[in-house]
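Per our numbering, the very first residue in the sequence shown carries number 2; after that it's consecutive.
Inspection log for the structure reproduced underneath, given as C-alpha cells.
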Amino acid sequence: MGASQSSWGILARTADPESERQQRPAHEFPNGAVYEGQWVGPAREGYGIQKWPDGASYTGQWVKDKAQGMGKFHHAAGDWYEGNFLDDMQHGYGVAMYIDGSKYTGQFACDKHHGEGVEVWPDGSRFQGSYFQGMKHGHGLYLWPDGSKYDGTFESNNMSGTGTYNWSDGRAYTGQWERNTMHGKGSFSYGDGRSYEGDFFEDVKHGTGVFRWPDGRSYNGEWRNGKRHGRGRYTAASHRTKTGLFEDGNLVKWED
C-alpha cells in the first residue's frame, strides 16, 4: 500500500521548483520600483517589501503578484494605511492616518471607508457609525469639540433622515433632516423652557406647528419663514384662547 521509498524519491526529484516559495535578491521593475522578498515563480508571493521612486512603500503579504493579506502602505504624500489588503486594495479591517491629522479605524472596501468605522480629526471632532463607498451613510454619532452632537442617520456625508441634534448651549432638535438642515416634522427645545413642535423647512419653522412658552402661553397654527403667518390659535397664560390672523409674525386681527 502507498508509494515505495523509491517512488517518493522520484516525486521529490521531479517537483517543479517554480511552484516553491523562494527568497530572492532585490528586483527592480521597469518603472523603478524595487521589490525584495518572497516569490513563487515569476510572481511576488509571501512576505515582501516594495518601494516606489516617489517614496511610496508597501510592507506585507503578497498573493499572486498582488498585495493581499496583512500589510502597511505608506503613500508618497505622507498618508499611511495598515491592515487588510485584497487585490492591491485596502479591503477589510484597517487603520488609516492622513496628512491633515485625521484618523480612520474600521472597515474598508476597494480602498474606501465602507462599513462600520470611527473617524477623528485634530480639532477633537469624532464620528462613529456607518460608511458606504467612502461617505458617512446610515446611522452614526457625530461629536463636535464644543460639546454639540448629532445622533441619527446620514446620507452621502450629510445629516439626512431622522436624528437628534444637541447644541452645547442646551438647545435640542429631534426630527427629520435633509442635507444638514432641519426639514420636515420635528420638535425643537430652546433650553429656556420655550419649545416648538411641527413643520420645518430648511432650518426654519414653516407649515403648521405649536409654539409654547414656559409661562403656559402657546400658539398653534400656521408659520412661514420662521414667523407666525396665517391662521392660528393663541392660548394665554390664563388659558383663555383666541383665534387670529397673522402676517410676518404680526397680528392682523382676532377672529373671535
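Each residue gets a CB set at the ideal place from its N, CA and C atoms; glycine is no exception.
Just so we're clear, the structure is a prediction, and the values are computed from it rather than from any experiment.
Nearest-angstrom Cα separation, counted from residue j out to residue i
i, j, result
"Pro-54", "Glu-117", "34 Å"
"Phe-201", "Gly-107", "35 Å"
"Gly-70", "Gly-49", "12 Å"
"Gly-217", "His-92", "57 Å"
"Gly-245", "Gly-125", "49 Å"
"Ser-149", "Val-35", "49 Å"
"Glu-21", "Trp-145", "54 Å"
"Glu-256", "Tyr-105", "60 Å"
"Leu-252", "Tyr-220", "12 Å"
"Ser-161", "Tyr-132", "14 Å"
"Arg-45", "Phe-109", "24 Å"
"Thr-209", "Gly-222", "5 Å"
"Arg-127", "Trp-40", "42 Å"
"Asp-204", "Ala-68", "48 Å"
"Gly-187", "Met-98", "38 Å"
"Tyr-235", "Thr-242", "6 Å"
"Ser-169", "Ala-57", "43 Å"
"Gln-177", "Met-136", "20 Å"
"Gly-185", "Phe-30", "59 Å"
"Val-64", "Glu-37", "15 Å"
"Ser-8", "Gln-23", "The pLDDT assigned to Ser-8 is 38, lower than 50, so where the model puts this residue is not dependable; a value taken from the coordinates is nonetheless given after this. When rounded, the distance between both Cα atoms is 25 Å."
"Ser-113", "His-28", "What sits at residue 113 in the sequence shown is Lys, not Ser. When rounded, the distance between both Cα atoms is 30 Å."
"Phe-155", "Gly-139", "5 Å"
"Gln-51", "Arg-25", "13 Å"
"Tyr-143", "Gly-61", "34 Å"
"Gln-6", "Pro-43", "Annotation note: pLDDT 40 at Gln-6 (below 50); position unreliable, coordinate value reported separately. Those two C-alpha atoms are separated by around 32 Å."
"Asp-333", "Gly-33", "What the structure shows of the chain is the stretch from 2 to 257, and residue 333 is not part of that stretch, so it cannot be assessed."
"Gly-194", "Asn-167", "15 Å"
"Leu-12", "Glu-120", "Here the model assigns Leu-12 a pLDDT of 37, short of 50, so the residue's position is not dependable and the matter cannot be decided."
"His-115", "Gly-130", "10 Å"
"Lys-254", "Trp-224", "16 Å"
"Pro-123", "Arg-180", "24 Å"
"Gly-153", "Gly-47", "43 Å"
Closest Cα partner of residue i within the set the options
i, options, result
"Lys-73", "Tyr-82, Asn-226 and Gly-148", "Tyr-82"
"Gly-231", "Tyr-220, Glu-248, Trp-63 and Lys-243", "Glu-248"
"Ser-103", "Met-90, Asp-89, Gly-79 and Arg-234", "Gly-79"
"Pro-215", "Asp-66, Lys-206 and Ser-190", "Ser-190"
"Gly-95", "Asn-85, Asp-89 and Gly-233", "Asn-85"
"His-76", "Asp-88, Lys-65 and Ile-100", "Ile-100"
"Cys-111", "Glu-120, Val-119, Asp-89 and Gly-130", "Asp-89"
"Lys-206", "Ser-196, Asn-226, Arg-195 and Gly-194", "Asn-226"
"Ser-157", "Gln-62, Arg-25, Gly-233 and Gly-141", "Gly-141"
"Ala-238", "Gly-250, Lys-228, Arg-229 and Arg-213", "Arg-213"
"Gly-192", "Leu-87, Gly-61, Asp-66 and Tyr-174", "Tyr-174"
"Tyr-197", "Asn-181, Gly-61, Arg-172 and Gly-33", "Arg-172"
"Lys-228", "His-240, Gln-134 and Gly-250", "Gly-250"
Span of the beta strand (DSSP E) around residue i
i, result
"Asp-152", "150-156"
"Ser-219", "219-225"
"Arg-195", "Note, Arg-195: premise wrong, no beta strand (DSSP E); not H, not E."
"Ala-237", "Where Ala-237 is concerned, there is no enclosing beta strand (DSSP E), given that its DSSP letter is neither H nor E."
"Phe-30", "From DSSP, Phe-30 is part of no beta strand (DSSP E); its letter is neither H nor E."
"Gln-108", "104-110"
"Gly-139", "136-144"
Q: Tell me the start and end of each unbroken beta strand (DSSP E) in the segment 34-100 that is at least 3 residues and wholly inside, in chain order.
A: Those beta strand (DSSP E) runs which fall completely within the segment 34-100 and span 3+ residues are 35-41, 44-52, 58-64, 67-75, 81-87 and 90-98.
Q) Whole beta strand (DSSP E) runs in the segment 152-187 with 3 or more residues, listed along the chain? A) Runs of the beta strand (DSSP E) inside the segment 152-187: 159-167 and 173-179.
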